[in-house]
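> Okay, here's the structure, questions in a sec.
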DNA sequence: ATGCGTGCAAACGATTTGCAGCCGG
DNA sequence: CCGGCTGCAAATCGTTTGCACGCAT
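Protein chains in written order, with the working numbering: chain A, 1 to 132; chain B, 133 to 264.
Below you can see the structure in the form of structure tokens.
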């Protein structure tokens with residue numbers, strides 16, 4: 001069950017921590033290469049999937065369908081406010097929303113409720129950069 | 133600007149209305165074939181995209197990344213509670229959630245806020261079918 | 001007529017997988 | 001030593017696009 005600790009796995013986790021914000025597997029792959037710790041793209045995907053299964057990283061889908069990964073501070077359920085340009089992320093939670101979601105769903109006779117609640121926007125920095 | 137009315141576009145819209153719930157382009161393509169009104173898959177995609185651009189259909193991403201389309205009753209902003217098995221859909225709106233979303237985002241200095249709020253569950257029928 | 005719409009097949013881009021060799025425990 | 005891990009390339013899969021032809025306006 002415990003994941004074997006290889007050079008590439010370590011590198012993936014470390015780089016993920018460094019980047020801090022949501023990144024795609026490809027961006028991560030490139031960051032690894034730049035960092036000198038080159039790792040095969042397939043391996044990056046496998047590592048990320050393993051981490052996701054172990055709830056060590058959060059995964060979410062960008063508007064274009066690409067998967068983005070991030071090591072979040074809190075492991076409990078929460079949501080995100082993400083900059084669609086630079087990936088800058090703010091963790092948020094909405095107790096109100098949680099309650100609302102399950103109530104609505106239950107009222108319609110639905111089970112195994114799961115909700116997708118993500119906020120996308122343009123962060124202050126990117127707005128400034130774009131304005132220039 | 134006005135979309136040209138062809139046999140295939142009419143067929144796509146009609147079939148979409150018939151299906152009522154969220155369907156993938158491929159499911160729709162198959163439904164068209166079954167209906168006798170065969171339409172090229174590429175055309176189905178093009179028609180759906182045009183409809184989406186014109187806000188005639190709602191689009192959302194399934195958990196596996198596939199795009200699902202649906203002709204919604206209301207054209208105003210709203211969200212959905214979708215059965216992950218049969219696609220059965222219930223339109224919902226959460227005035228509370230809307231307000232919460234923009235408030236949180238603005239507080240972090242984010243602009244052009246957009247939110248993804250979808251509820252996924254198993255509808256009563258599918259739960260019964262699975263239990264059998 | 002005129003040019004948007006269509007079909008088909010090739011092109012795409014992200015992700016997955018088969019397989020032979022490697023290396024961590 | 002052994003089985004999980006890796007790399008590479010080939011395979012998937014949904015979706016997009018190039019191109020020659022047809023049809024709605």
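Cβ atoms here follow ideal geometry from the backbone N, Cα and C, with glycine treated the same way.
(1) For a contact defined as C-beta to C-beta under 7 Å, what are the partners of residue 105 of chain A on chain B?
(2) Using a Cβ-Cβ distance cut-off of 9 Å, determine whether residue 70 of chain A contacts chain B.
(3) Pull up the DSSP beta-bridge partners for residue 83 of chain A, would you.
(4) For residue 53 of chain A, decide whether its Cβ has a neighbour in chain B, counting only Cβ atoms nearer than 9 Å.
(5) If we ignore side chains and look at the alpha-carbon of each, how far apart do residue 199 of chain B and residue 157 of chain B end up?
(6) If we call anything under 9 Å between Cβ atoms a contact, is residue 180 of chain B one with residue 250 of chain B?
(7) Distance, Cα to Cα, residue 223 of chain B vs residue 211 of chain B?
(8) Are the C-beta of residue 197 of chain B and some C-beta of chain A separated by less than 9 Å?
(9) State the CB to CB distance for the pair residue 116 of chain A and residue 248 of chain B, rounded to an integer number of angstroms; the pair is presumed to be in contact (CB under 8 Å).
(10) Go ahead and label residue 3 of chain A buried or exposed: buried means 16 or more other beta carbons lie within 10 angstroms of its beta carbon, across all protein chains shown.
(11) What is the residue span of the alpha helix (DSSP H) that residue 207 of chain B lies within?
(12) Would you kindly work out how many angstroms separate the C-alpha atoms of residue 190 of chain B and residue 213 of chain B, rounded to a whole number?
(13) With a 10 Å radius around its C-beta and 16 neighbouring C-beta atoms as the bar for buried, classify residue 260 of chain B as buried or exposed.
(14) Residue 259 of chain B touches chain A at which residues, Cβ-Cβ below 9 Å?
(15) On a CA-only basis, which of B/264, B/252, B/235 and B/176 is nearest residue 110 of chain A? Give me that one, please.
(16) Kindly say whether residue 96 of chain A, judged by its beta-carbon, lies nearer than 9 Å to any beta-carbon of chain B.
(17) Give me the DSSP bridge partner(s) of residue 89 of chain A.
(18) Taking the C-alpha atoms as reference points, what is the distance between residue 194 of chain B and residue 16 of chain A?
Looking at the coordinates:
(1) 213, 251 and 253
(2) no
(3) A/121
(4) no
(5) 7 Å
(6) no
(7) 6 Å
(8) yes
(9) 6 Å
(10) exposed
(11) It is not in any alpha helix (DSSP H) - residue 207 of chain B carries neither H nor E in the DSSP assignment.
(12) 13 Å
(13) exposed
(14) 109, 110, 111 and 112
(15) B/252
(16) yes
(17) A/82
(18) 26 Å
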